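Data first, discussion second: the structure below is written as structure tokens.
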Amino acid sequence: MKHKIFTVFCIILAEIAFSQKYMTKSGTVHFEANVPLFEDVDAKHGTTVAVMNSDSGDIAVISTVKDFRFKVALMEEHFNENYAESAKYPKTTFTGKIANFNKEDLSATPKNYTISGVHNFHGVDRNVSSVASIFMKDGRIFISGNFIARPADYQVKIPKMVMKKIAEKVNVDYHFELAKQ
């Protein structure tokens, strides 16, 4: 499964390499699974790699799971060891396409686009669709959006002891500032 995901990711990256490529190595992905009256469950990743083909609207994103940072170190440790199992599943990826994307339509005014594709986390592929705000400024393409993920959909086991402290639906938001390569 890991080999299959890596192969697909490499094919998309190769396709992007021979076209109008925009990229960042400092994209941010943030998730929160807060439940009222309990400690906040949220983490941020600031070195996410995102690559986009501005000719086709293809996009690929990859994050190292262990690099999500929590406010509480113990929460980060539990996330990596018990839930995400980052030693076994070190990366989370997304490969998809921006629907009806045309670089010529971009301006400094944000426009909403639908991004659809396959998100892989914890060794599980899920189809994901997200509305993203996209605009261009100073030769860079800015993409921001969010989607909902359910731990159960990714076969993440949450012990009954802490189940009520973690939301069933995790809010995931992302922000990428892509520069032409």
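Under our numbering, the sequence shown has 20 at position 20, and the numbering climbs by one with no breaks.
Where a beta carbon is used, it is the ideal one built from N, C-alpha and C, also for glycine.
Values in this document were obtained by computation on a predicted structure and should not be read as measured data.
Asked	Found
Residues near N34 by beta carbon distance below 7 Å, same chain, minus five either side	D40, V41, D42, A167
Status (buried if at least 16 other CB within 10 Å, exposed otherwise) for N53	buried
Backbone CA spacing between V65 and Y89 [nearest angstrom]	8 Å
From T109, R69, T92, K157, residue whose alpha carbon lies closest to that of G191	The displayed coordinates of the chain run from 1 to 181. Any statement about residue 191 would go beyond what the structure contains.
Contact check, A149 vs F31, beta carbons under 9 Å	yes
Helix, strand or coil at E32 according to DSSP, with G and I counted as helix	strand
Candidates G123, S144, M163: closest to A87 by CA position	G123
Buried versus exposed call for A60 [16 or more other C-beta atoms within 10 Å across all chains shown]	buried
Span separating the alpha-carbon of P184 from that of H175	The structure shown does not extend to residue 184, since the chain is modelled only from 1 to 181, so the question has no answer here.
Bounding residues of the alpha helix (DSSP H) (the contiguous stretch that carries A73)	73–78
Length of the line joining the Cα atoms of S56 and F101	7 Å
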